[in-house]
Amino acid sequence: MHMADALLSPAVGGTMWVATASTIAFCAKKIQMNLDDRKIPLMGVLGAFIFAAQMINFTIPATGSSGHLGGGMILAILLGPYAAFLTIASVLTVQALFFADGGLLALGCNIFNLGVFPCFIAYPLIYKPIVGNNPTPMKIGIGATLAGIVGLQLGALGVVVETVLSGISELPLSSFLSVMLPIHLAIGLVEGLVTTAVVTFVWKARPEILDISSQAEAAGKFSIKNVLAGLGIAAVITGGALSWFASSSPDGLEWSMFRVSGSEELETPRDGIHHVLASLQEKTSILPDYGFKATETEETASEKPASSWPAVDAGTSTSGLVGGGLTLVLAAFIGMLFKRRKQER
Amino acid sequence: MAKIESAFFDLSYLENLASQSSSVHRLDPRIKVLLSAAFVVCVVSFDKYVISAMLPFGLFLLVVAGIANIPIDFIIKKLIVVSPFAIMVGIFNPLLDQQIIMHLGSVNISGGFVSFFSILLRFSLTVSAMLILIATTGFNSVCMAMVKLGMPKIFAVQLLMLYRYIFVFIDEGMRMFQARTLRSFKKRSMGVKTFSYIIGQMLLRTIDRAQRIHLAMLCRGFDGTIRIRQTIKITAKDVVFLIIGLLILLFMRKYNIPLLLGTVFTGIS
Numbered sequence: 000m001h002m003a004d005a006l007l008s009p010a011v012g013g014t015m016w017v018a019t020a021s022t023i024a025f026c027a028k029k030i031q032m033n034l035d036d037r038k039i040p041l042m043g044v045l046g047a048f049i050f051a052a053q054m055i056n057f058t059i060p061a062t063g064s065s066g067h068l069g070g071g072m073i074l075a076i077l078l079g080p081y082a083a084f085l086t087i088a089s090v091l092t093v094q095a096l097f098f099a100d101g102g103l104l105a106l107g108c109n110i111f112n113l114g115v116f117p118c119f120i121a122y123p124l125i126y127k128p129i130v131g132n133n134p135t136p137m138k139i140g141i142g143a144t145l146a147g148i149v150g151l152q153l154g155a156l157g158v159v160v161e162t163v164l165s166g167i168s169e170l171p172l173s174s175f176l177s178v179m180l181p182i183h184l185a186i187g188l189v190e191g192l193v194t195t196a197v198v199t200f201v202w203k204a205r206p207e208i209l210d211i212s213s214q215a216e217a218a219g220k221f222s223i224k225n226v227l228a229g230l231g232i233a234a235v236i237t238g239g240a241l242s243w244f245a246s247s248s249p250d251g252l253e254w255s256m257f258r259v260s261g262s263e264e265l266e267t268p269r270d271g272i273h274h275v276l277a278s279l280q281e282k283t284s285i286l287p288d289y290g291f292k293a294t295e296t297e298e299t300a301s302e303k304p305a306s307s308w309p310a311v312d313a314g315t316s317t318s319g320l321v322g323g324g325l326t327l328v329l330a331a332f333i334g335m336l337f338k339r340r341k342q343e344r
Numbered sequence: 000m001a002k003i004e005s006a007f008f009d010l011s012y013l014e015n016l017a018s019q020s021s022s023v024h025r026l027d028p029r030i031k032v033l034l035s036a037a038f039v040v041c042v043v044s045f046d047k048y049v050i051s052a053m054l055p056f057g058l059f060l061l062v063v064a065g066i067a068n069i070p071i072d073f074i075i076k077k078l079i080v081v082s083p084f085a086i087m088v089g090i091f092n093p094l095l096d097q098q099i100i101m102h103l104g105s106v107n108i109s110g111g112f113v114s115f116f117s118i119l120l121r122f123s124l125t126v127s128a129m130l131i132l133i134a135t136t137g138f139n140s141v142c143m144a145m146v147k148l149g150m151p152k153i154f155a156v157q158l159l160m161l162y163r164y165i166f167v168f169i170d171e172g173m174r175m176f177q178a179r180t181l182r183s184f185k186k187r188s189m190g191v192k193t194f195s196y197i198i199g200q201m202l203l204r205t206i207d208r209a210q211r212i213h214l215a216m217l218c219r220g221f222d223g224t225i226r227i228r229q230t231i232k233i234t235a236k237d238v239v240f241l242i243i244g245l246l247i248l249l250f251m252r253k254y255n256i257p258l259l260l261g262t263v264f265t266g267i268s
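Residue numbers (numbering that gives the first Met the number 0), protein chains in the order written: chain E, 0 to 344; chain P, 0 to 268.
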C-alpha cells in the first residue's frame, strides 16, 4: 500500500511531508518528556520485528490477492501511539531509502497513511475505549479487529485521495475507491485478526506490558526480557501461520488497480479536482508560471473532445524526439566514458 | 528466505558503495540530502505528459553516478525489481486516456501512453536519485544530516537503532539458515515448522542482544539521552556545489533542453 513518487504532484507530496514532519516532531517531544530508557532498544527491536514480519506475504482468502502485516496496530498497542508512530516512521524510512518502497517525496504520504491513522485514530478512538484498562481476550479481539479495519480503510482512502488529487494517474476517484475500500476491508480484517492473535498472546504471557502504552512513565519494574520473549513467540506464531499463506500473488493495491482496469470504465478525471490542484500547484510550485501553463493545457485536454485536442504540432514533437534521442546518445556516451575510466584504473 | 537474503545483499552492498571515496562521497551529507530533495521535487513537478524535458535529469544522475563510481547496472537491476508497482499504477493511463496527442509516422500515440511512459520515467528518476543518495552518503550520514536539518534527535536514534538491528537480525538469520541447509538435503525445502523455529529463535537471540546492548549502554553511562557524534562540517566548497547543483536542476526544470537541442539540429521550431 505504498504510494510512489511517480504518482504524486509536488503540492500533495509537500503537504503530506509537512503534516508528517510535524507529527514526528510532536511525537518526539511527547516521548522525550517521559522517556523510559529501556524503550529505546525496545522500539528498535520492535521496528526490526515489524520489518521482518512485513517480508511475509499471505493470501487473503477468496480474492487471490495477497497482503502483508502492516503492524501499525501491534506497535500502537505495545508502545503507545507516540513511540509506535516513530517506530512505524523509522521502518518506512528505511524501506524507502534502501528498498525503494515509495520514495523520498512519497515518504510523507506513506508515514501518514500507515502511521497516523492506526496510531492516532484507530488506537485511541476504537481500541482503547473498547479494551479499556481491563483487557480480556474478547475485548482485545473486538478492539484490535475493528481498529485494524478502520486504520486500513482510512489508509486506503488516503492513498486514493492522494493519487486522485495529484492527477498523474488517470484512475477515476469513484472506481478507484470502489475497488480499494472493499479490498482493504478484507486486508484490514485479516490484519485485525493477526493483531488480535499476537496481542492476546502477549497479554496472556505478560499482561502488564499492555499497560505501558497508556502510562509510559509508570512502566516500573517489569522484565523486558520476558516481554520480548513473549513477542519472540508471537513472532513464531506469526511467522508460522502466515508463511503458510505466503504467496507471490499481487499485492492488494496492485490487484485493485488491476480490477479498475478490468472494468474499463472510461471516465474522464474530474475537472474540479484538477482546478483545485492547479491553484494549489500555482501557490506552491517553485516555478509557478511554468507549472500553471502546463496544468492549463492538461485541463483543456480533459474538457475538449478528442478531435479538438490542441495537439502538439508536428514540428515541436519532432524536435522533442530528436533532442530526446540526442540526450539518450549523450547518456550512453557518458556511460561508456565512465566505464572505460573504471577499466583503466 | 531469498527475500531476506536479497535484503541483506542490498543493505550491505549499498553500505559498501557508501564507504568509497570520491568527490561526491566527500560532499557534506546535508548538501546531498538537499540536492536529492530538490531533484525529486523538480522531476515530480513536471506535467504528466512530459517526457523529453525529463531526460536531462537522467543525464545528471548518470554523471553523478559516474563520478561517484556507482555501478549503473546495480541501479537498473533495483529499478526492475521495484518497477511492478509503478507499472501497475500507470498501466491504466493508456486505457483511460485515449486521446491522440502525437503522431510518429503512421502510428498514433495516445495521451495515455505518453503519460504512462512519463510515469515510468519519473519512477526511474526518483528511485535512482534516492539509491544514489544512499549509495554515496550512507545511512548514518543521512541521519546526521537530517538531524542537522531539524529532524528530532530521538527519531534519529530510533532510525540508527533500527538500522543496526536489521543488520544483526538478517546476518543472524542467514547464518542460521545456512546451518540448517548444511544439515539437510537439497530437496527438502524448509517447512513451516522449521521456518517458524528459525524466525523465533532469531528474534530471541536478537532480543538477548538488545538487552545486552542496553546493559552495555548503561555501563557506559547511558542516562536516557543519546548523543550523536557530530562529525560533519560544511565548507565553502560544499556551499558552492550546492548552489551550482541547484542552478543546474532549476535550469533543467525551466528549459526543455532536448527540445532546444532538437530544434537546433532539425531547424524546425
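Yeah, the Cβ is synthetic: ideal placement off N, Cα and C, and Gly gets one too.
Excluding the 5 residues flanking it on each side, P/I90 has same chain C-beta neighbours closer than 8 Å at F115, in chain order.
When C-beta atoms of the stretch 35 to 42 of chain E are compared with those of the stretch 154 to 164 of chain P, three or more pairs fall below 8 Å, so the two segments count as touching.
Between the alpha carbons of P/L95 and P/Q210 lies a gap of roughly 55 Å. Taking 8 Å as the upper bound for CB-CB distance, E/L145 and E/G191 are in contact here, some 7 Å apart. In this structure, the beta-carbon distance from E/T22 to E/I167 does not fall below 9 Å. Secondary structure note for E/I141: it is in no beta strand (DSSP E), and the uninterrupted alpha helix (DSSP H) holding it is 136 to 165. Under the 9 Å criterion on CB atoms, P/N255 is classed as interfacial with respect to chain E. Per DSSP, the unbroken beta strand (DSSP E) holding P/S109 starts and ends at 106 to 109. In the DSSP assignment, P/P70 falls outside any alpha helix (DSSP H), carrying neither H nor E. Boundaries of the alpha helix (DSSP H) around P/L241: 235 to 253. Taking 9 Å as the threshold, the shortest C-beta distance from E/A75 to chain P does not fall below it.
Per DSSP, the continuous alpha helix (DSSP H) segment holding P/I30 begins and ends at 28 to 43. What E/Q31 touches in chain P, judged by beta-carbon distance under 7 Å, is I153, going in chain order. Membership of P/F138 in the alpha helix (DSSP H) is indicated by the continuous run 138 to 147. Taking a beta-carbon distance threshold of 9 Å, E/A3 counts as an interface residue toward chain P.
When secondary structure is reduced to three states using DSSP, E/I87 falls in the helix class. Pairing E/L104 with E/P9, the inter-Cα distance amounts to about 8 Å.
At a beta-carbon threshold of 8 Å, none of the residues of chain P lie near E/I186; the nearest stands roughly 16 Å away. Under the three-state reduction of DSSP output, E/I76 falls in the helix class. In this chain, the alpha helix (DSSP H) harbouring E/N109 covers 105 to 110. The beta carbon of P/A6 is closer than 7 Å to those of I169 in its chain, skipping five residues each way along the sequence. Residues of chain P whose Cβ lies closer than 7 Å to the Cβ of E/T14 do not exist, since the nearest Cβ in that chain is about 13 Å away.
P/H102 has P/N107 as its beta-bridge partners, per DSSP. Boundaries of the alpha helix (DSSP H) around P/L95: 92 to 95.
Residue environment: P/D9 is assigned as buried (16 or more neighbouring CB atoms within 10 Å of its CB, all protein chains considered).
Excluding sequence positions up to five before and after E/L153, its CB lies within less than 6 Å of the CB of F116, all in the same chain and listed in chain order. For the pair E/I87 and E/G131, the CB atoms are not nearer than the 9 Å cut-off.
In the same chain as P/I231, and ignoring 5 residues on each side of it, the C-beta atoms closer than 8 Å to its own belong to D27, P28, R29, S140, M143, A144, K147, in chain order. E/T199 is positioned such that its CB atom lies closer than 9 Å to that of E/P136. For E/C26, same chain residues with a beta-carbon under 7 Å away, outside a window of 5 residues either side, are Y81, F84, L85 in chain order.
For E/I73 against E/T162, the beta-carbon gap comes to about 27 Å, at or over 8 Å, which does not count as contact. Taking a contact as a CB-CB distance under 8 Å, the pair P/S51 and P/P257 counts as one, their CB atoms being some 4 Å apart. For P/R121, the closest alpha carbon among the candidates P/A134, P/I225, P/F38 is that of P/F38. Using a CB distance below 8 Å, the part of the stretch 155 to 167 of chain E facing chain P consists of T162, G166, I167, ordered along the chain. P/D222 is classed as exposed because its beta carbon has fewer than 16 other beta carbons within 10 Å across all chains shown. In the structure shown, the three-state DSSP call for P/S123 is helix.
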